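Below is one structure; the comments refer to it alone.
In the working numbering, the protein residues as written are 8 to 64.
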């Protein structure tokens, strides 16, 4: 599923900024919060696709 692959990509991209934010980097923390919003939207898209697959069956 393409939407799931996009979700995984977003998570992988956030990893380095999360580590920087844990170290106290405030700019990285801001980037992480923005990335989390994108991840939230991508997760919702995956959820909707799964619901669509259930309806088709």
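In this text, a Cβ means the ideal position worked out from N, Cα and C, and glycines have one as well.
A quick note: this is a predicted structure, and the numbers were derived from the prediction, not measured.
Check	Outcome
Simplified DSSP state of residue 43, which is helix, strand or coil	helix
Cα-Cα separation between residue 42 and residue 24, rounded to whole angstroms	9 Å
Exposure of residue 49, with buried meaning 16 or more beta-carbon neighbours within 10 Å	buried
Three-state class that DSSP yields for residue 36 in the structure shown	helix
Residue 57 burial status per 10 Å Cβ neighbour count (16 or more: buried)	exposed
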